[in-house]
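In full-length UniProt numbering, the protein residues as written are 1 to 95.
Everything below concerns the one structure shown next.
Written as structure tokens, this is what we have:
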């Protein structure tokens with residue numbers, strides 16, 4: 001099943017966080033936090049102004065992004081957990 005976000009929403013796949021700390025300690029799964037980095041799977045066409053003019057999205061599929069810890073809504077598509085969020089929840093693009 002394919003899902004195309006509407007308006008200014010994006011579909012994001014979280015990227016896995018590091019298994020070890022900088023000092024070399026292994027972090028158990030129970031202590032890991034949900035990652036706040038991800039990759040854009042797909043993006044909607046953009047928001048519309050009151051005049052009807054389209055405001056294009058600043059992100060596109062494949063971009064690596066940073067978002068807030070509690071951003072988005074979790075959705076499961078074809079057994080994979082993804083996040084659906086507004087473009088405004090994205091803090092930046094990782095280059």
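Glycine is no exception: its CB is placed at the ideal position from the N, C-alpha and C atoms.
Pop quiz: residue 47 and residue 89 are said to be a contact at Cβ under 8 angstroms. What is the actual Cβ separation, rounded to whole angstroms?
Translated into positions along the chain shown, residue 47 becomes position 47. Translated into positions along the chain shown, residue 89 becomes position 89. Going by Cβ atoms, the distance from residue 47 to residue 89 rounds to 13 angstroms, so no, they are not a contact pair.
Could you check the C-alpha separation between residue 79 and residue 56 for me, to the nearest Å?
Along the chain shown, one-based indexing puts residue 79 at 79. Along the chain shown, one-based indexing puts residue 56 at 56. Cα-Cα distance, rounded: 30 angstroms.
Restricting to Cα atoms, I'd like to know which of 76, 94, 83 and 3 is closest to residue 59.
Sequence index remark: in the chain shown, residue 59 carries index 59 (1-based). The shortest Cα separation from residue 59 among 76, 94, 83 and 3 belongs to 94.
Looking only at its own chain, which residues have a Cβ that is under 6 angstroms from the Cβ of residue 31, when we skip the five neighbours before and after it?
The residue given as residue 31 occupies position 31 in the chain shown. Because residue 31 carries a pLDDT of 48, less than 50, the predicted location of this residue cannot be relied on, and the following value inherits that uncertainty. Taken in chain order, the list of residues that qualify is empty.
State the Cα-Cα distance for the pair residue 41 and residue 63, rounded to the nearest angstrom.
Along the chain shown, read from residue 1 onward, the residue named residue 41 stands at position 41. Along the chain shown, read from residue 1 onward, the residue named residue 63 stands at position 63. Roughly 8 angstroms separates the two Cα atoms.
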